[in-house]
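Numbering (our numbering), first residue to last: 8 to 236. Note that beta-carbon positions come from the ideal geometry of N, C-alpha and C, so glycine has one too. Since the model is a prediction, treat every value here as computed from it, not as a measurement.
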């Protein structure tokens with residue numbers, strides 16, 4: 008049975024969709040069978056980030072409402088044979104994602120995939136189908152040094168969750184998204200790509216040294232937290 012990961016944060020604009028795509032691709036690059044699921048009903052974006060927007064025929068809501076089979080809605084990535092997308096609906100309301108319907112689909116996905124990575128969940132955050140949460144937040148080393156925000160070690164102590172990775176903010180991520188590609192596929196040698204690849208290795212259970220950015224002005228990062236659901 009596959010593991011269900013929910014990518015979440017306390018607010019928008021911290022890179023949930025970008026990170027879902029990059030982490031999903033990074034795991035697929037390890038020959039793991041991965042499906043990324045877009046829960047952002049009405050504001051579908053995950054298909055854009057991975058370059059599958061023109062291939063969407065059926066979506067998550069269609070499957071829940073019985074208008075399509077799960078196999079009809081799943082889109083396989085053209086670059087990675089083991090990476091799939093279950094897109095969200097652009098025209099429906101998020102209330103169409105009933106807890107019963109979501110649970111049924113998640114159970115089906117767990118039987119077919121090693122990893123089910125959910126972006127911006129709506130309707131499953133109170134369920135019991137998730138194995139782990141990934142909590143994202145922005146981190147600015149220079150602000151932390153001035154005392155304007157908590158340092159990494161302070162955040163970890165307060166939240167009592169292990170650190171999965173720190174992703175440096177980079178134009179490489181934006182350029183990759185603009186061409187419909189996770190950064191781990193667009194440029195594996197870039198700093199954010201290597202950070203996501205390392206995060207995927209840790210998620211898979213490997214012991215990988217953490218590269219914590221120095222307190223250099225202007226350097227931003229995304230902090231991943233991991234905890235049992």
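Please list, in chain order, all residues of the same chain as residue 34 whose beta carbon is under 6 Å from its beta carbon, the five residues on each side excluded.
-> 41, 122, 207
Candidates 119, 179, 105, of which the one nearest residue 77 by Cα = 119
What is the rounded straight-line gap between the Cα of residue 209 and the Cα of residue 141?
-> 13 Å
Quick one, are the C-beta atoms of residue 103 and residue 82 less than 8 Å apart?
-> With respect to residue 82, residue 103 sits apart: the two C-beta atoms are not nearer than 8 Å.
Could you tell me which residues DSSP puts in a beta bridge with residue 83?
-> 91
Would you report the Cα separation of residue 167 and residue 143, rounded to the nearest angstrom?
-> 14 Å
When the Cα atoms are used, what is the spatial distance from residue 158 to residue 65?
-> 44 Å
Are the CB atoms of residue 48 and residue 137 nearer to each other than 8 Å?
-> no
Sequence-distant residues of its chain with Cβ nearer than 6 Å to residue 87 (five each side left out) | 35
Under a Cβ-count criterion, where at least 16 other Cβ atoms within 10 Å of its own Cβ denotes burial, should residue 213 be classed as buried or exposed?
-> exposed
Three-state secondary structure (DSSP) at residue 149?
-> If DSSP states are grouped into helix, strand and coil, residue 149 belongs with the helices.
Residue 177: which of 200, 188, 169, 156 sits nearest, CA to CA?
-> 200
Should residue 56 and residue 25 be called a contact, given that it needs their Cβ atoms to be closer than 8 Å?
-> yes
Coarse secondary structure for residue 189, derived from DSSP in three states | coil
With a 10 Å radius around its C-beta and 16 neighbouring C-beta atoms as the bar for buried, classify residue 51 as buried or exposed.
-> If you draw a 10 Å sphere on the C-beta of residue 51, you find 16 or more other C-beta atoms in it, and that means buried.
Would the beta-carbon of residue 47 be found less than 7 Å away from any heavy atom of the ligand MG?
-> Ligands displayed in this structure: none; no statement on the ligand MG is therefore possible.
Nearest neighbour of residue 37, chosen from 170, 173, 93, 211 [CA to CA] = 211
According to DSSP, residues forming a beta bridge with residue 124 | 12, 43
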